[in-house]
Amino acid sequence: MTVPARFRVTAAWRSRLAVTALLFLTLAFVGSRGLSMPDEGRNVDIARSMLESGDFWRPRLVGNLYLDKPPLHFWTLAAGMAVFGQNEWGARIPHALLYLATAFLLGALAARMWDASTGKTTTWVYALMLGPFAAGSVVTPDTPLALFIVATFYGTWRACENGNPRENSAWWLFVGVAVGLAFLTKGPAVLMIGPSIVVFLLARKRLFSTLAVPALWGGVFLALALGASWYVPICRALPGA
């Protein structure tokens, strides 16, 4: 039996329906449960204190300075609560959106490395893995960190894609921004990115030619500038920080 054309679901519509279902699964339940302790409660309290005090530079937990983590993670929570209210929904929705962005960016990376079909499969594999899916609705720095790490690898691949790193200089600047934001999210944990990029460049026999690209060092400067933009002022203003 042939289905009339008007009743057929095209590939484009299947993709739209799949993305809609993913959005529903990601966002529908982020506000349906209370905050877990200690991590979610601690992180949300710090973000709430930022909103109430107007001091977004010095994180505080129940009134005491909290310098264990840099502030970008808390800024995302504060932004969500400023828009959606100081509740579970407002606190969790930024991480849910960052989780979705990570899935789609990872798919874009796979599409560049292989083909569009592999890219779509990669997006769904990551999005439906229990770890990332669960982390997307839990308020910890790991979800934004994952996004910035994937962005770093995406930018690195694009910078080396056509065999001439000088033609892809802007992507090294993109990598620098991604690394800097990762450092503002979870500090020295971002250093684990470096060895993998070195191994990648060695495997492609591009390490020494890449080191000669000025934009690479521009990216390094951006990463250091972003990373230090919080640490240096805090250390100068607060003895012992």
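The opening residue of the sequence shown carries number 93 in our numbering; numbering runs sequentially from there. Cβ atoms here follow ideal geometry from the backbone N, Cα and C, with glycine treated the same way. These figures come from a predicted structure and were not determined experimentally.
Tell me the rounded alpha-carbon separation between residue i and residue j.
| i | j | result |
| --- | --- | --- |
| P406 | A281 | Nothing about residue 406 can be reported from this structure: the residues present for the chain run from 93 to 333 only. |
| M129 | N179 | 15 Å |
| A168 | F292 | The identity of residue 168 in the sequence shown is Thr, whereas the question assumes Ala. Between T168 and F292, the C-alpha separation is close to 31 Å. |
| S209 | V111 | 15 Å |
| G319 | A120 | 34 Å |
| F99 | A113 | Because the pLDDT of F99 is 47, which lies under 50, any placement of that residue in the model is unreliable, and the number read from its coordinates should be weighed accordingly. So the alpha carbons of these two residues sit roughly 20 Å apart. |
| H187 | L115 | 13 Å |
| R140 | D207 | 44 Å |
| S145 | G332 | 23 Å |
| S124 | I185 | 12 Å |
Excluding the 5 residues flanking residue i on each side, which residues of the same chain have their C-beta closer than 6 Å to its C-beta?
| i | result |
| --- | --- |
| L131 | Reading off the sequence shown, one finds Asp at residue 131, where the question assumed Leu. The residues are T232. |
| A195 | T215, Y218, A219 |
| P151 | I138, Y158, P163, F166 |
| G311 | W264, L265, V267, G268 |
Give every residue of the same chain whose Cβ lies closer than 7 Å to the Cβ of residue i, excluding the five residues on either side of it in the sequence, and list them in chain order.
| i | result |
| --- | --- |
| T277 | P162, L164, H165, P233, P236, L237, F240 |
| G247 | W263, F266, V267, A270 |
So, are the CB atoms of residue i and residue j less than 8 Å apart?
| i | j | result |
| --- | --- | --- |
| V122 | S229 | yes |
| L294 | T302 | no |
| Y191 | T118 | yes |
| C252 | R298 | yes |
| A193 | G211 | no |
| L198 | V242 | yes |
| A174 | L143 | yes |
| G272 | A317 | yes |
What whole-angstrom Cβ distance do residue i and residue j have, given they're in contact under 8 Å?
| i | j | result |
| --- | --- | --- |
| A170 | F148 | 7 Å |
What I want to know is whether the C-beta of residue i ends up closer than 7 Å to one or more non-hydrogen atoms of the ligand SAH.
| i | result |
| --- | --- |
| P163 | The model on display carries no ligand, and the ligand SAH is accordingly not part of it. |
Residues in its own chain within less than 8 Å of residue i by CB, not counting five upstream and five downstream?
| i | result |
| --- | --- |
| E259 | none |
Sequence ranges, alpha helix (DSSP H) only - wholly within the region 251 to 332, length at least 4: The qualifying runs are 261 to 278, 285 to 295, 299 to 303, 306 to 329.
Would you mind listing the alpha helix (DSSP H) stretches within the region 169 to 249 that are 4+ residues and don't spill past its ends, in chain order? Every alpha helix (DSSP H) stretch that sits fully inside the region 169 to 249 and reaches 4 residues is listed by chain position as 180 to 205, 208 to 220, 222 to 227.
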